[in-house]
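One structure is given below, encoded as structure tokens.
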Amino acid sequence: MSSQTLAIDVAGLVKRFGHVTALDGLDLQVRQGTVAGFLGPNGSGKSTTIRILLGLLRSDGGRARLLGGDPWQDAVTLHRRIAYVPGEVSLWPNLTGGQAIDILSHLRGGVDRAKRDDLLARFELDPSKKARSYSKGNRQKVALVAGLASDAELLILDEPTVGLDPLMEQVFTECIQEVKAQGRSVLLSSHIFAEVEKLCDTVTIIREGRTVEAGLLSELRHLRRATVSVELEQAGTILASVPGVHDLAVDGDKATFTVGEPELGGVLSVIATHSPRSLLSSPPSLEDLFLRHYGGIGKTKVTQTTQAAGRR
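The sequence shown runs -1 to 310 under this note's numbering.
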């Protein structure tokens, strides 16, 4: 993929803090006009990666490009083209929310007041209150309004919905969909799998400072087997010898197993011959994919799946 089509292009990124290696050859790509999920538990290297992209840290190796520029050398120029929303928002306690939004907006060169006012109404935020009186959720809304009201080409969002209630999470979802429709790019770091599955085109999962899975979300789901639960007229053990059936668990005439997409049709054909009373198939989820990498021991090798997807 041409670097000109990438809002973020990170390859082999390395960062050490003394004897601790925080990033160990990490790869991350965000295509222009897409929403990219960035997943990993605390300590996996997400925050260090974001700090390098923001020009707050200098990497020790590898490549990091942000909107075609160097995040360290071109920080001042790039900061006028990006918006950042952290998961922990600290505000000036004696300023009102509206004043804080205006200050943050002017750092990028100005504010579209009509857009700001629309977002204040949608997020139900009173901008006349002092920041010290705000709850965590309202402090989060201040940062979201400031970021979303901008014309930033790239939004870097680090756990942006922490503290928001479900109604405000839905408003956030609508706003990100609008950002994408405008051709802008989003890097979304989140622990909420449903949020990532709903919003993101691609996902990158990291572990111990390395990329362990990356690519189109629609394709990554196929890397996991679907879970099938079935009730038969006879003992479920009859499925033990069926090709494609994995992880079989039997309780009398009830059976639960996993099956890959290529084998699913054949397995269902066999089940049909055994007079099934009920059948439920659950497609693989992003959470399944995530837990696959965090249920084992040691480092996982980088998957080649989406390097191919990324070249499309």
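Cβ atoms here follow ideal geometry from the backbone N, Cα and C, with glycine treated the same way.
Environment of residue i [buried if 16+ CB atoms lie within 10 Å]
{"i": "Lys127", "result": "exposed"}
{"i": "Arg79", "result": "buried"}
{"i": "Lys139", "result": "buried"}
{"i": "Gly95", "result": "buried"}
{"i": "Arg137", "result": "buried"}
{"i": "Gln175", "result": "exposed"}
{"i": "Pro69", "result": "buried"}
{"i": "Gly59", "result": "exposed"}
{"i": "Ser0", "result": "Confidence in Ser0 is poor, its pLDDT being 49 and thus under 50, which makes the residue's placement unreliable; the coordinate value appears in the next sentence. Per the 10 Å Cβ criterion, exposed."}
{"i": "Arg205", "result": "buried"}
{"i": "Lys134", "result": "exposed"}
{"i": "Ala270", "result": "exposed"}
{"i": "Arg114", "result": "buried"}
{"i": "Leu4", "result": "buried"}
{"i": "Gln27", "result": "buried"}
{"i": "Thr235", "result": "exposed"}
{"i": "Pro158", "result": "buried"}
{"i": "Val74", "result": "exposed"}
{"i": "Ser148", "result": "buried"}
{"i": "Asp100", "result": "buried"}
{"i": "Leu284", "result": "buried"}
{"i": "Phe255", "result": "buried"}
{"i": "Asp110", "result": "exposed"}
{"i": "Phe15", "result": "exposed"}
{"i": "Val210", "result": "buried"}
{"i": "Ser216", "result": "exposed"}
Nearest-angstrom beta carbon gap, residue j and residue i [assumed within contact, 8 Å]
{"i": "Ala34", "j": "Thr202", "result": "7 Å"}
{"i": "Val243", "j": "Val265", "result": "6 Å"}
{"i": "Val228", "j": "Ala212", "result": "The pair is not a contact, with the Cβ atoms about 34 Å apart (cut-off 8 Å)."}
{"i": "Asp163", "j": "Gly85", "result": "That pair is no contact at about 16 Å."}
{"i": "Gln311", "j": "Ser183", "result": "This structure cannot settle anything about residue 311, because the visible part of the chain is limited to -1 through 310."}
{"i": "Arg208", "j": "Leu24", "result": "6 Å"}
{"i": "Ala98", "j": "Leu89", "result": "5 Å"}
{"i": "Val226", "j": "Ala141", "result": "No, Val226 and Ala141 are not in contact; Cβ-Cβ is about 43 Å, not under 8 Å."}
{"i": "Arg61", "j": "Ala9", "result": "5 Å"}
{"i": "Leu21", "j": "Val194", "result": "About 21 Å; that fails the 8 Å criterion."}
{"i": "Thr32", "j": "Thr200", "result": "6 Å"}
{"i": "Leu153", "j": "Val177", "result": "6 Å"}
{"i": "Gly67", "j": "Leu76", "result": "5 Å"}
{"i": "Leu278", "j": "Ala224", "result": "With 8 Å as the limit, Leu278 and Ala224 do not qualify as a contact, their Cβ atoms being about 10 Å apart."}
{"i": "Ser117", "j": "Val143", "result": "Looking at the sequence provided, one finds Leu at residue 117 rather than Ser. Correct: roughly 4 Å between the Cβ atoms."}
{"i": "Glu151", "j": "Leu237", "result": "So it is not a contact: roughly 53 Å between Cβ atoms."}
{"i": "Leu218", "j": "Leu289", "result": "With 8 Å as the limit, Leu218 and Leu289 do not qualify as a contact, their Cβ atoms being about 13 Å apart."}
Three-way DSSP call (helix, strand, coil) for residue i in this model
{"i": "Tyr292", "result": "helix"}
{"i": "Val109", "result": "coil"}
{"i": "Thr298", "result": "In this prediction, Thr298 scores a pLDDT of 36, lower than 50, which makes its location untrustworthy; no coordinate-derived value is stated."}
{"i": "Thr209", "result": "strand"}
{"i": "Ala5", "result": "strand"}
{"i": "Arg310", "result": "Low local confidence applies: a pLDDT of 37 at Arg310 is under 50, so the model's placement there is unreliable, and no value is given."}
{"i": "Val143", "result": "helix"}
{"i": "Met166", "result": "helix"}
{"i": "Asp286", "result": "helix"}
{"i": "Glu217", "result": "helix"}
Counterpart residues of residue i in DSSP-defined beta bridges
{"i": "Val18", "result": "Phe15"}
{"i": "Ala224", "result": "Val257"}
{"i": "Gly83", "result": "At residue 83 the sequence reads Val, which differs from the Gly that was named. Its beta-bridge partners are Leu155."}
{"i": "Glu229", "result": "Lys252, Ser276"}
Short CB-CB distance (under 9 Å) between residue i and chain D
{"i": "Leu277", "result": "Although the question refers to chain D, the structure presented lacks it and comprises just one protein chain."}
Please list the segments of the beta strand (DSSP E) lying wholly inside the stretch 169 to 207, counting only runs of 3 or more residues, in order along the chain.
183 to 187, 200 to 205
Residue ranges of each alpha helix (DSSP H) within the stretch 235 to 279, 4 or longer
259 to 270
As an exercise, report each continuous beta strand (DSSP E) stretch of at least 3 residues that is fully enclosed by the stretch 23 to 80, in chain order.
33 to 37, 59 to 64
Enumerate, from N- to C-terminal direction, the unbroken alpha helix (DSSP H) stretches of 4 or more residues contained entirely within the stretch 85 to 136.
95 to 104, 111 to 120
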